[in-house]
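Colleague: Residues in the sequence shown are numbered consecutively from 1, following UniProt numbering. Heads up, the beta-carbon is just placed ideally off N, CA and C, and yes, glycines get one too. What you are looking at is a predicted structure, and each value in this text was computed from that prediction instead of being measured.
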Amino acid sequence: RFSELCYSGHKKLGRLAPRTAVVAFSAQDVYALAEVMRAQRGGCAVVLGALSPRTRNAQVAMYQAGEIDYLVATDAIGMGLNMDLDHVAFSARRKFDGRNMRQLNTAELGQIAGRAGRHLRNGTFGTTADLQEIDSEAVEALEQHRFPKIKEIFWRNSDLSFHGLERLTYSLDRPPKVAGLRRLRDGADHLTLLALSRDEEVRRLASAPDLVRLLWEACQIPDFRKTLADSHISLVRQIFLNLVQSGALPESWIAERITGLDRNDGDIDTLTARISHIR
């Protein structure tokens, strides 16, 4: 960037200037902060990974059009969303990374704080709500754009073999041949494949390269629900079996899963869970 990014300290939610994004690291915190912002400032958009792309884009468009002046979001705003932000306010510095609750490092903070300003326009970042301050070392790193050098890049083989389940698994396990690359730990899709590879009926049906490829594509369906792993594996199994046996997902099968979700009552957590199940 060709502009300055400066730390402005702590401000209460009610004193944040327009064109501000408040950042939290859980859906529950995002919605709680959004309720406070709406009560005090009259309206705000919400952006988090649990929303569908269509809903997320609609929220961003509402903010960009100037219909509302505030945004409450997870760190999703640090990944590919370019918005007209003047200030980024962190309400927390700790997040759950899928395995552990940990503090964000300076590079992660910089990725998010850097949404403010951009290119030739200066921006600011600071704290709000329960997060009082960001330590001076982190502030200096963000303002000076100085971050630790990246020594390794996570990598996974993309040249996969679909000539049998064993060959697909072997090609996924293949280590990198280039220094500086580190094999990505088994992702959710890989673990789902390993589980279904032990299923007798799945093994019988995945008997040709095009069917092995279809199974792998089914395994790559994201687990939006974030419930028990066995539940997601069972869903992927049913999808694969239906596609192999019928060529499509039966309408009755889909309708069964939508029944009970097509409701708009309940609290925020309940509504968010229903959205995740629909996805």
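(1) Assuming the contact rule is C-beta atoms closer than 8 Å, V23 and A73 should be a hit. Round their C-beta distance to whole Å, please.
(2) Measuring straight from C-alpha to C-alpha, what distance separates G98 and E143?
(3) Report the residue ranges of all alpha helix (DSSP H) runs contained in full by the UniProt domain "Helicase C-terminal" (9–161); include only those spanning at least 4 residues, in chain order.
(4) With 16 other CB atoms within 10 Å as the buried threshold, where does L261 fall?
(5) Within the same chain, show all residues whose beta-carbon is closer than 6 Å to that of R174, passing over the 5 residues directly before and after it, in chain order.
(6) Run the CB neighbour count on D189, radius 10 Å, all protein chains shown included, and call it buried at 16 or more, exposed below.
(7) By how many angstroms is the C-alpha of A21 removed from the C-alpha of A32?
(8) With DSSP as the reference, please indicate the residues paired to C6 in a beta bridge.
(9) With DSSP as the reference, label L261 as helix, strand or coil.
(10) Check whether the Cβ atoms of L16 and A89 sit closer than 8 Å, and answer yes or no.
(11) Is the number of C-beta pairs between the segment 2–19 and the segment 35–54 that are closer than 8 Å three or more?
(12) Answer yes if the segment 178–193 comes into contact with the segment 215–231, meaning at least three C-beta pairs across the two stretches below 8 Å, and no otherwise.
(13) State the DSSP-derived secondary structure class of R182, mapped to helix, strand or coil.
(14) Touch check for the segment 206–213 and the segment 158–170: three-plus C-beta pairs under 8 Å?
(15) What are the boundary residues of the alpha helix (DSSP H) that includes Q245?
(16) Starting from the C-beta of H10, find all residues in its chain whose C-beta is less than 8 Å away, skip the five residues before and the five after it, and write them out in chain order.
(17) Sort F25, A138, A248 by Cα distance to F147 and report the nearest one.
(18) When you compare only the Cα positions, how much space is there between S26 and T259?
(19) May I ask which residues mark the beginning and end of the alpha helix (DSSP H) holding A218?
(20) Is the beta carbon of I275 less than 8 Å from the beta carbon of A45?
(21) Give me, in chain order, the residues of the same chain whose beta-carbon lies closer than 8 Å to that of G110; leave out the 5 immediate sequence neighbours on both sides.
(22) Skipping 5 residues on each side, what residues in its chain have a beta carbon closer than 7 Å to that of A113?
Modeller: Walking through what the data contain:
(1) By 1-based counting over the sequence shown, the position of residue 23 is 23. By 1-based counting over the sequence shown, the position of residue 73 is 73. With a Cβ gap of about 6 Å, V23 and A73 count as contacting.
(2) Within the sequence shown, the letter at position 98 stands for residue 98. Within the sequence shown, the letter at position 143 stands for residue 143. Cα to Cα, the separation comes out at about 29 Å.
(3) 27–41, 53–64, 106–113, 136–144
(4) For the purposes of this step, residue 261 is taken as the residue at position 261 of the sequence shown. Exposed is the call here.
(5) Position 174 of the sequence shown holds residue 174. Closer than 6 Å at the Cβ level, and outside the excluded window around R174, lie N157.
(6) Position 189 of the sequence shown, counted from the first residue, corresponds to residue 189. Label assigned to D189: buried.
(7) If you number the sequence shown from 1, residue 32 lands on position 32. If you number the sequence shown from 1, residue 21 lands on position 21. Cα to Cα, A32 sits roughly 14 Å from A21.
(8) Taking the first residue of the sequence shown as position 1, residue 6 is located at position 6. According to DSSP, C6 bridges with T124.
(9) Taking the first residue of the sequence shown as position 1, residue 261 is located at position 261. The answer is coil: DSSP assigns L261 none of H, G, I, E or B.
(10) Locating residue 16 in the sequence shown gives position 16, where the first residue counts as 1. Locating residue 89 in the sequence shown gives position 89, where the first residue counts as 1. Against a cut-off of 8 Å, the Cβ pair of A89 and L16 comes out as a contact.
(11) yes
(12) yes
(13) Position 182 of the sequence shown, counting from 1, holds the residue named residue 182. Strand at R182.
(14) yes
(15) As a first step, residue 245 is located in the sequence shown; it is residue number 245 there, counting from the start. Here the alpha helix (DSSP H) through Q245 covers 229–246.
(16) Here residue 10 corresponds to residue number 10 of the sequence shown, with the count starting at 1. G126, T127, T128, L131, Q132, E133, listed in sequence order.
(17) Taking the sequence shown and counting its residues from 1, the one referred to as residue 147 is at position 147. The option with the nearest alpha carbon to F147 is A138.
(18) Residue mapping note: residue 26 aligns to position 26 of the sequence shown, counting from 1. Residue mapping note: residue 259 aligns to position 259 of the sequence shown, counting from 1. So the alpha carbons of these two residues sit roughly 27 Å apart.
(19) By one-based count along the sequence shown, residue 218 stands at place 218. Unbroken alpha helix (DSSP H) run through A218: 209–219.
(20) Translated into the one-based positions of the sequence shown, residue 275 becomes position 275. Translated into the one-based positions of the sequence shown, residue 45 becomes position 45. No. Outside cutoff.
(21) Stepping through the sequence shown from its first residue, residue 110 is reached at position 110. Same-chain partners within the cutoff: A141, L142, H145, F147.
(22) Walking along the sequence shown from the start, residue 113 turns up at place 113. Closer than 7 Å at Cβ, skipping near neighbours: L5, V88, F125, L142.
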